[in-house]
Structures are given as C-alpha cells and as structure tokens.
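Peer 1: When the letters of the sequence shown are read in order and numbered with my numbering, they come out as residues 52 to 354. Here a beta-carbon is modelled for each residue, glycine too, at the ideal position from N, C-alpha and C. Sharing a structure, written as structure tokens. Questions coming.
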Amino acid sequence: MATSNQLESLLLQLDDRSYKSYRDIKGSYQFPDFTLVIDRVQGDPFASPSQVRVYLPQSVAGFPSELYRTDSRAIALEDYLTRSFDWVAGEMSCRRGTGNSGLIAITRVGQSVLERTSALVSDQGVEIRFVVGLPARGRRISGRQAAEMLCQDIPDIIDQSIKYEVLDPAEIKHHVETVEDADWLRQQLGPRELVAFIPNGAILPRSSGVDDKPLQEDAIAFQSPKTLQVAFTCPNRGLITGMGIPEGITLIVGGGYHGKSTVLKAIELGVYNHIPGDGRELVVTNPTAVKIRAEDGRGISDY
C-alpha cells in the first residue's frame with residue numbers, strides 16, 4: 052500500500068495537468084493513524100465530487116464497546132460521528148478553485164437519527180465515508196491545493212471529529228442512551244395496546260415550516276390529559292410519563308392554531324428517532340404507521 056508521502060508527491064507531480072489525470076490517485080494510502088481510500092475520482096471539477104473513505108482501527112479511534120454493543124447504540128454512535136465530521140469539515144472546507152474545488156462534505160443530517168452508511172463502527176474500527184471536490188484552475192489540476200486537502204486537512208478533520216479522546220464522552224453517552232430509550236419505548240407500544248406516546252415536557256412546535264429545529268421562544272411544553280396519561284420506566288432515563296394514544300380511532304379537536312396539526316406532525320415523525328434537544332426525542336409511534344391525506348367523500352370501510 053502506498054503511503055501519505057507518496058500521495059503528496061503524486062499530487063504535486065500532477066499539478067497543472069489535465070483534470071482527468073486525477074484518476075491516477077485512485078487507490079489506498081496509509082497515513083500514520085488511518086487508511087485513506089479514494090474509491091471514485093470525478094472526471095471534471097463541475098461533476099459530482101470524488102468518493103473517499105477513511106478507516107481508523109479501534110486502537111486509534113478508542114470508542115468503548117458499550118457505545119455500539121447493540122444495533123440501536125451503533126446507529127446512534129454512527130449518527131453522532133457523522134454530525135461531528137460534518138461540523139468540523141464545514142469549518143475547515145473552503146473554496147479552492149472552479150466547480151466543487153475544495154469541498155469536503157459528508158451526508159447532510161437533520162433532526163432525525165437514521166441508519167446511514169456515512170459512518171460504520173465495529174470492534175475492528177471506524178469507517179467514515181465522504182466526498183471531496185478535488186481542486187482545479189479551470190480544468191487543470193491544482194496539485195498543491197489537492198495535497199493540502201488530502202494530506203493535511205483530512206487528517207486534521209479526523210483528529211478533531213472521529214477520535215474518542217477529543218470528543219465529549221458525556222455528550223456521546225447521552226446521544227446513544229436517548230436513541231436507545233426511544234427504541235425501547237417504541238417496542239413497548241404494542242404490548243400496551245398503544246399506537247403512539249408523547250412524553251410530558253416534549254417541545255413539539257418547530258421554528259418554522261422550513262426549519263425543523265425546535266421553537267426556542269414561547270414554546271409550550273406538552274402536557275398529557277389525565278385520561279390518557281401512562282408511564283414507562285426507560286432503561287436509561289428511568290420513569291417517564293406522558294400521553295399514550297390507544298389503538299383504535301382517536302379524534303383530536305380544538306380551535307384554530309391550538310396545536311392539532313403540530314401534534315399530528317409529531318406523531319407522524321415518531322416512527323423516527325430524534326437527536327437530544329430536539330424536543331421530540333422520546334415521541335414514538337408504531338413503526339408501521341403511515342400518514343394518509345384527507346379526501347372529500349372518501350368512504351372508510353372495515354375490510
């Protein structure tokens with residue numbers, strides 16, 4: 052396997068050549084702490100960015116096995132690492148020429164915690180998958196800029212975002228345990244003959260119709276009516292109370308702008324887990340639930 056020094060030398064040799072010559076760098080390169088794998092090289096600075104992977108052995112990454120011992124915890128940790136890489140890469144990535152030159156980016160994430168392929172964690176190590184916009188001047192290679200990106204910036208991003216020793220252990224633990232509690236709650240709905248659960252204290256309103264972050268000002272925390280209140284003892288958070296919506300038909304009524312649609316939207320998205328601080332992180336819905344649209348005159352029959 053080639054080394055990082057050989058990659059740097061190759062990039063400097065390619066300086067000012069035709070952009071398609073970047074294809075010569077496809078392959079694997081051993082850095083001091085990780086392996087860099089360039090899987091696909093873009094053929095043009097305006098084309099889709101190049102696909103890259105970084106693999107760190109667990110001896111370097113240093114994540115305790117308890118953080119990924121179950122599928123639920125592994126998905127949560129991988130989500131956290133994707134967000135960590137995204138934030139650091141966003142701070143360091145800068146324009147370095149034409150097209151996508153200088154881009155270093157990973158899968159964009161929102162408020163939901165989903166199973167993705169952008170980060171993979173196992174006992175053997177951590178793999179991060181992202182894209183890189185290889186630098187160009189017009190359609191000529193910017194070799195020095197590329198060497199700086201691949202041989203300096205990417206190691207710095209990895210050092211600051213993917214190693215357990217530089218991250219906040221309490222924050223990671225909270226992220227993992229929140230997702231685990233949500234998955235556990237969702238599994239309890241069927242045995243309790245419920246289709247959804249909204250905990251007391253949940254913040255359901257969003258900042259706006261185009262911003263899924265929680266409303267920061269004047270947000271009213273959810274409080275369950277006494278007639279529907281239920282309690283669960285989560286594996287991490289402990290006792291939690293809130294509204295359990297029973298199986299069958301439930302009618303939600305109220306005046307205009309009283310939060311009916313907000314509650315329905317939270318229930319709709321309760322099939323997904325959400326990050327800590329979202330306000331809906333313990334709002335859960337039966338995973339088979341789907342939203343249907345109203346239709347005037349549509350009949351409802353029991354088949």
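Can you tell me whether Gly189 is buried or exposed? The criterion is at least 16 other CB atoms within 10 Å of its CB, across all chains shown.
Peer 2: In the sequence shown, counting from the first residue as 1, residue 189 sits at position 138. With fewer than 16 Cβ atoms within 10 Å of its Cβ, Gly189 is classed as exposed.
Peer 1: In the DSSP assignment, find the unbroken beta strand (DSSP E) run with Asp263 in it and report its ends.
Peer 2: Within the sequence shown, the letter at position 212 stands for residue 263. Looking at the DSSP string, the run of the beta strand (DSSP E) that includes Asp263 is Asp262 to Pro265.
Peer 1: Nearest-angstrom Cα distance between Val164 and His325?
Peer 2: Indexing the sequence shown from 1 puts residue 164 at position 113. Indexing the sequence shown from 1 puts residue 325 at position 274. Looking at the two C-alpha atoms, the distance is approximately 5 Å.
Peer 1: Take the Cβ of Ile76 as the centre, count every other Cβ of all protein chains shown within 10 Å, and call the residue buried at 16 or more, exposed below.
Peer 2: Start at 1 with the first residue of the sequence shown, and residue 76 comes out as number 25. Taking all protein chains shown into account, Ile76 has 16 or more neighbouring C-beta atoms within 10 Å of its C-beta and is therefore buried.
Peer 1: How about Ile179 and Phe114: do their beta carbons lie closer than 9 Å?
Peer 2: Locating residue 179 in the sequence shown gives position 128, counting from the first residue. Locating residue 114 in the sequence shown gives position 63, counting from the first residue. No.
Peer 1: Does DSSP classify Glu319 as helix, strand or coil?
Peer 2: What you label residue 319 is simply residue 268 of the sequence shown in a count that begins at 1. Glu319 falls in the helix class under three-state DSSP.
Peer 1: Can you find the residues in the same chain that come closer than 7 Å, C-beta to C-beta, to Asn287, ignoring five residues on each side of it along the sequence?
Peer 2: Locating residue 287 in the sequence shown gives position 236, counting from the first residue. Same-chain partners within the cutoff: Glu228, Glu231 and Asp232.
Peer 1: Using DSSP bridges, identify the partner residues of Asn324.
Peer 2: Within the sequence shown, the letter at position 273 stands for residue 324. Per DSSP, Val164.
Peer 1: Relative to the alpha-carbon of Leu240, which residue among Gly295, Pro256 and Ala187 has its alpha-carbon at the smallest distance?
Peer 2: Numbered from its first residue, the sequence shown carries residue 240 at position 189. The shortest C-alpha separation from Leu240 is found at Gly295.
Peer 1: Look at the alpha carbon of Ser275 and the alpha carbon of Pro250, and state the distance between them as a whole number of angstroms.
Peer 2: Translated into positions along the sequence shown, residue 275 becomes position 224. Translated into positions along the sequence shown, residue 250 becomes position 199. Their backbone Cα atoms lie some 8 Å apart in a straight line.
Peer 1: Can you give me the C-alpha to C-alpha distance between Asp269 and Ile303, rounded to a whole angstrom?
Peer 2: The residue you call residue 269 lines up with position 218 of the sequence shown. The residue you call residue 303 lines up with position 252 of the sequence shown. Taking the straight line from one Cα to the other gives about 23 Å.
Peer 1: Going by DSSP, which residues form a beta bridge with Val341?
Peer 2: For the purposes of this step, residue 341 is taken as the residue at position 290 of the sequence shown. Bridge partners of Val341: none, in fact.
Peer 1: Straight-line CA distance for Glu346 to Glu244?
Peer 2: As a first step, residue 346 must be located in the sequence shown, where it is residue number 295. As a first step, residue 244 must be located in the sequence shown, where it is residue number 193. If you take the alpha carbons of Glu346 and Glu244, they lie about 28 Å apart.
Peer 1: If you check the beta carbons only, do Gly194 and Asp95 fall under 9 Å apart?
Peer 2: Stepping through the sequence shown from its first residue, residue 194 is reached at position 143. Stepping through the sequence shown from its first residue, residue 95 is reached at position 44. No, these two residues do not count as a Cβ contact at 9 Å.
Peer 1: Taking Cβ to Cβ, would you say Ile223 is nearer than 9 Å to Tyr215?
Peer 2: Sequence index remark: in the sequence shown, residue 223 carries index 172 (1-based). Sequence index remark: in the sequence shown, residue 215 carries index 164 (1-based). Yes.
Peer 1: Where does Ile300 land, buried or exposed, given buried means 16+ other C-beta within 10 angstroms?
Peer 2: Locating residue 300 in the sequence shown gives position 249, counting from the first residue. So Ile300 ends up on the exposed side.
Peer 1: Alpha carbon to alpha carbon, how far is Gln175 from Ile343?
Peer 2: Here residue 175 corresponds to residue number 124 of the sequence shown, with the count starting at 1. Here residue 343 corresponds to residue number 292 of the sequence shown, with the count starting at 1. Taking the straight line from one Cα to the other gives about 44 Å.
Peer 1: Excluding the 5 residues preceding and the 5 following Tyr119 in the sequence, name in chain order all residues of the same chain whose CB lies nearer than 6 Å to its CB.
Peer 2: Within the sequence shown, numbered from 1, the residue matching residue 119 stands at position 68. Cβ within range, chain order: Ala125, Leu128 and Val172.
Peer 1: Would you kindly report the start and end of the unbroken alpha helix (DSSP H) that includes Asp130?
Peer 2: Numbered from its first residue, the sequence shown carries residue 130 at position 79. Start and end: Asp122 to Met143.
Peer 1: From Glu273 to Gly148, what does the alpha carbon distance come to, in whole angstroms?
Peer 2: Taking the first residue of the sequence shown as position 1, residue 273 is located at position 222. Taking the first residue of the sequence shown as position 1, residue 148 is located at position 97. Per the sequence presented here, residue 273 reads as Phe, with Glu not at that position. Near 50 Å, if we compare the C-alpha coordinates of Gly148 and Phe273.
Peer 1: Fully enclosed by the stretch 200–229, which alpha helix (DSSP H) runs are 4 residues long or longer?
Peer 2: Those alpha helix (DSSP H) runs which fall completely within the stretch 200–229 and span 4+ residues are 205–212.
Peer 1: Just confirm the distance between the C-beta atoms of Met200 and Gly252, as a whole number of angstroms; I'd bet it's less than 8 Å.
Peer 2: Here residue 200 refers to the residue found at position 149 of the sequence shown. Here residue 252 refers to the residue found at position 201 of the sequence shown. For a cut-off of 8 Å, the C-beta gap from Met200 to Gly252 is around 45 Å, too long to register as a contact.
Peer 1: Taking the beta strand (DSSP E) that Ile246 belongs to, which residues open and close that run?
Peer 2: For this step, residue 246 is matched to residue 195 along the sequence shown. What sits at residue 246 in the sequence shown is Val, not Ile. Segment Leu245 to Pro250, the beta strand (DSSP E) holding Val246.
Peer 1: Between Gln102 and Asp90, what straight-line distance do the alpha-carbon atoms span, to the nearest angstrom?
Peer 2: On the sequence shown, residue 102 is found 51 positions in, with the first residue counted as 1. On the sequence shown, residue 90 is found 39 positions in, with the first residue counted as 1. C-alpha separation (whole angstroms): 6 Å.
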